[in-house]
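*Asks:* Attaching a single structure in structure tokens format; questions to follow.
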Amino acid sequence: MQEDWGELNTAKKTPTLFVLDLTTWQVSRVGRLPAEHSVGQPVWSPDGDHLIFTAWQHKAANAPMFGNRLGIVYCMNRPCSLFAVPIPYGEEPSSTGGEAVLLTPGRLSACSPRFLPDGSKLVFLSNEPAAQTMTHMGTAELLTLDWPGGLQSKGQSKAEVLVPVVQSSGQQDFPGLYPHALSESCFAGGSETLLVTSQWRSRMALLAVDIRSGNVQDVGSSTKSWSLLGAGQGWVAAAASSPTQPPQLMVAQLPSSPASTSGSSKPWDWTCLGPMGQTTTPAAVQSSLDNLRWQTYQIQPTTEPKGMPFEAVVVSPKGSSPAPGVLFPHGGPHSAYPAAYSNLVAFQAAQGYAVVCVNFRGSTGFGEDSIQSLPGHIGTTDVADCIAALDHAIAEGHVDPKRVAVSGGSHGGFLTGNLLGRHADRFRAGLARNPVMDLSLMIHVSDIPDWCYVEAWGVQEAKKRMAARPSMEDLARFKEVSPSSFLANVRAPLLLLLGAKDRRVPLTDGLQYGAALRAQGGTVKILVFPEDTHALDRPQTEFETLVTMISWLQEHV
């Protein structure tokens, strides 16, 4: 049986590289690639003589104790490097005789290569903090490598850090980079400005990076979340949205001097061309959205470390009366809810609920220190922040404290279970999508067993303990932080939505929890979607979950 890369990659073979000759239509496999690696993200060198690509290690150097490949989707901590393989024009790729050259020695992470339009430098991302600490997401670096000088690495990286990791930042300050990849068309105004979509606290920002200085500017309005679509011919296209405004197509013409784009402290002059994918927003939808309001709140934590405020985005019906509330922690746990449009959040708010989206400490977008504050404290720090966010929304008049549900998926489901068990008197219902209910079970069946060690023990202790077979002490710790340890306290009705093809948190976890809750007399409804994976994102499933969740809230809250 051939190994694969876990969630979303079931039965998929090891990816490799091929070249299509557009004159003969002959397809040739690129030879002499690094052994025991999967490759992707290829780009041609400016002279067309090399392919530069990312290669991911099959046996992760930061987790050699696991004998199989670990899951890669949503996991920026998997070791990867950049290579260049020579492919002279007119020769067969497999017969060039050239070995692949490692461009990024000494780094655990290098990916998403892009050449400047003038061909003078290779720009790429590195998720080094995630790879070093084993947290599944972290703050990224942006680096440059002179070309073709970077081919002469001789065992030492010649890459220079353009945008470094930010450990912590003030509320208005740049918090670091959090992109998953660089856009294929990411350069504006020649070779001096790079555009990238990145999280900036509780929103997605469109950033312009000066390639010469590393200066970073937020060029989109701070009242919206942005996503780069592409740049070229002096124009930039992006999508912009808010919790009450579906994505709109935005365009901006670049200034004549690229340097002025990155030197400006003001957003660019954007023109809205209308809603994405359609000419107008349906009147009924627009009417519902017009009756909603949203606000991002900064909240002071109630537990240590107290000098690290977090945020919550509250989307609620307009009006003076508190509404029934839905506490909505995100998954990951190292991800975040941006103040962007979400069908799920908007639909629930339009049905009369105040939705409290919590970006607890450990979320991305707030600096690396925030991310690293959570491992070893899941089930305590994040739970405390969720309660603090709920109390803040109640104090601001958004939420009726007597009518509150909690809803989340994956790690958000973990928090849903913990909140229902640890704070049973606060919630009238729970809704969980592919939740982590028992880490002592998950460690044996998930495609990311390393996650259990890092999040339950903390980074340093996890590095000492991580093993293919957990010890009894490990299992006890996994159980200690799990919602299943507090199941006896749960009184609220629980809706479980599970994907039968989920390899990240296989449905056995949710099924066992639901059966145990039912056995003690609890109210449980379980829906299993036979063709869905962890995200539960097939269109029919998304529709069915929207309707089912609203029905559950209306019945119990």
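According to UniProt numbering, the sequence shown is numbered sequentially starting from 1. Each residue gets a CB set at the ideal place from its N, CA and C atoms; glycine is no exception. Because the structure is a prediction, the values reported are computed rather than measured.
1. Exposed or buried, M65, counting other C-beta atoms within 10 Å across all chains shown (16 or more means buried)?
2. As a quick exercise: from P493, L390 and I526, pick the residue whose alpha carbon is nearest that of H556.
3. Quickly, what does DSSP pair P329 with across the bridge? List them, please.
4. I think E498 touches L507, with their Cβ atoms under 8 Å apart; what is that distance to the nearest whole Å?
5. Identify, in the order they occur along the chain, each residue of the same chain with its Cβ nearer than 7 Å to the Cβ of C386, setting aside the five sequence neighbours on each side.
6. Which parts of the segment 17-62 are runs of the alpha helix (DSSP H), unbroken and 4 residues or longer, counting only runs that do not cross its ends?
7. What does the alpha-carbon distance come out to for the pair D509 and S342?
8. Quick one, are the C-beta atoms of S410 and N434 less than 7 Å apart?
9. Enumerate in chain order the residues of its own chain whose CB-to-CB distance from P175 is below 7 Å, with the five nearest sequence positions on each side excluded.
10. Whose CA, out of E531, H398 and S81, lies closest to the CA of A131?
11. Cutting at 6 Å between CB atoms, please list the residues of its own chain near D118, excluding the five before and the five after it.
12. Which residue comes first and which comes last in the alpha helix (DSSP H) that contains D382?
13. Closest by CA to G106, which one among S126, R114, I87 and L122?
14. Does the structure place the segment 387-404 close enough to the segment 461-471 that three or more beta carbon pairs sit under 8 Å?
15. So which of W294, L108 and L206 has the shortest CA-CA distance to A231?
16. For H50, which residues from the same chain have a beta carbon less than 6 Å from its beta carbon, with the 5 sequence-adjacent residues on both sides left out?
17. Express the C-alpha separation of P113 and Q351 in angstroms, rounding to a whole number.
18. Once the 5 residues before and after S440 are set aside, which same chain residues still bring their CB inside 6 Å of it?
19. Could I get the ranges of all uninterrupted beta strand (DSSP E) runs contained in the segment 104-154, with 3 residues as the minimum, in chain order?
20. For E311, list the residues DSSP reports as bridge partners.
21. For C452, write down the residues that DSSP places opposite it in a beta bridge.
22. Secondary structure at W270, three-state DSSP: helix, strand or coil?
23. CA-CA distance, V39 and I371?
24. Quick check on the burial criterion: 16 or more other C-beta atoms within 10 angstroms. Buried or exposed for R504?
25. Comparing C-alpha positions only, which one of F53, K306, G6 and K12 sits nearest to V19?
26. Can you look up P401 in the DSSP assignment and give me helix, strand or coil?
27. State buried or exposed for N489, treating a residue as buried only when at least 16 other CB atoms are found within 10 Å of its CB.
28. Any idea what DSSP makes of T281, helix, strand or coil?
29. Given a cut-off of 7 Å, decide if W294 and T223 are closer than it, judged by their beta-carbon atoms.
30. Taking just the CA atoms, how far does Q300 sit from A181?
31. Who are the Cβ neighbours of A462 in its own chain at under 7 Å, not counting the five residues just before and after it?
32. I need the straight-line Cα distance from W268 to V236, nearest angstrom please.
33. Closer than 8 Å is the cut-off here; do at least three beta carbon pairs connect the segment 311-328 with the segment 274-283?
34. Beta-carbon within less than 7 Å of L8's beta-carbon, same chain only, minus the 5 sequence neighbours each way: which residues are those?
35. Which partner residues does D210 have in the DSSP bridge list?
36. Between L33 and A110, which are expected to be in contact by the criterion C-beta below 8 Å, what is the C-beta distance as a whole number of angstroms?
*Replies:* For this structure:
1. Burial check for M65: the Cβ neighbour count within 10 Å stays below 16, so the residue is exposed.
2. That would be P493, whose Cα lies nearest to the Cα of H556.
3. Looking at the DSSP output, P329 sits in a beta bridge with V358.
4. It should be pointed out that residue 498 corresponds to Leu in this sequence rather than to Glu. Their Cβ separation, rounded to whole angstroms, is 4 Å, which keeps L498 and L507 in contact under 8 Å.
5. So the list reads L327, P329, V358, F360, L415 and L419, once near-sequence residues are dropped.
6. You should have found no qualifying run.
7. Each residue's alpha carbon lies about 27 Å from the other.
8. Yes, the Cβ-Cβ distance between S410 and N434 is below 7 Å.
9. These residues qualify, in order along the chain: V166, S169, W200, R201, G365, F366 and G367.
10. Per the Cα distances, S81.
11. Apart from sequence neighbours up to five positions away, the residues of its chain that approach D118 with a beta-carbon distance below 6 Å are S191, ordered along the chain.
12. Where D382 is concerned, the enclosing alpha helix (DSSP H) stretches over T381 to A395.
13. Looking only at S126, R114, I87 and L122, the smallest Cα-Cα distance to G106 is reached by S126.
14. Counting Cβ pairs under 8 Å, fewer than three are found: no touch.
15. Taking A231 as reference, the option from W294, L108 and L206 with the minimal CA-CA separation is L206.
16. Non-local beta-carbon contacts of H50 in its own chain, meaning distances under 6 Å to residues more than five positions away in sequence, involve A84 and P86 in chain order.
17. Spanning the alpha carbons of Q351 and P113 requires a straight line of approximately 45 Å.
18. Listed in chain order, the non-local C-beta contacts of S440 below 6 Å within the same chain comprise L475, F478 and K479, local neighbours out to five positions each way being set aside.
19. If only uninterrupted beta strand (DSSP E) runs of at least 3 residues are considered, those enclosed by the segment 104-154 are 111-115, 121-126 and 141-146.
20. Paired residue(s): Q298 and N359.
21. C452 has no beta-bridge partner at all, per DSSP.
22. In the three-state reduction of the DSSP assignment, W270 falls in the coil class.
23. Looking at the two C-alpha atoms, the distance is approximately 28 Å.
24. Buried, since its Cβ has 16 or more Cβ neighbours within 10 Å.
25. It is F53 whose Cα lies nearest to the Cα of V19.
26. Of the three classes helix, strand and coil, the one that applies to P401 here is strand, per DSSP.
27. N489 should be labelled exposed.
28. It is coil, neither helix nor strand.
29. With contacts defined by Cβ atoms closer than 7 Å, T223 and W294 do not form a contacting pair.
30. One C-alpha to the other measures close to 32 Å.
31. The residues are M134, Y453 and V454.
32. Linking W268 to V236 through their CA atoms gives a straight-line distance of about 10 Å.
33. Contact check between the segment 311-328 and the segment 274-283: fewer than three CB pairs, one atom from each, fall below 8 Å, which does not count as touching.
34. Shown here for L8: same chain residues with a beta carbon closer than 7 Å to its own, the five before and five after excluded, namely V73 and T533 in chain order.
35. Answer is T193, bridged to D210.
36. 16 Å between Cβ atoms; not a contact.
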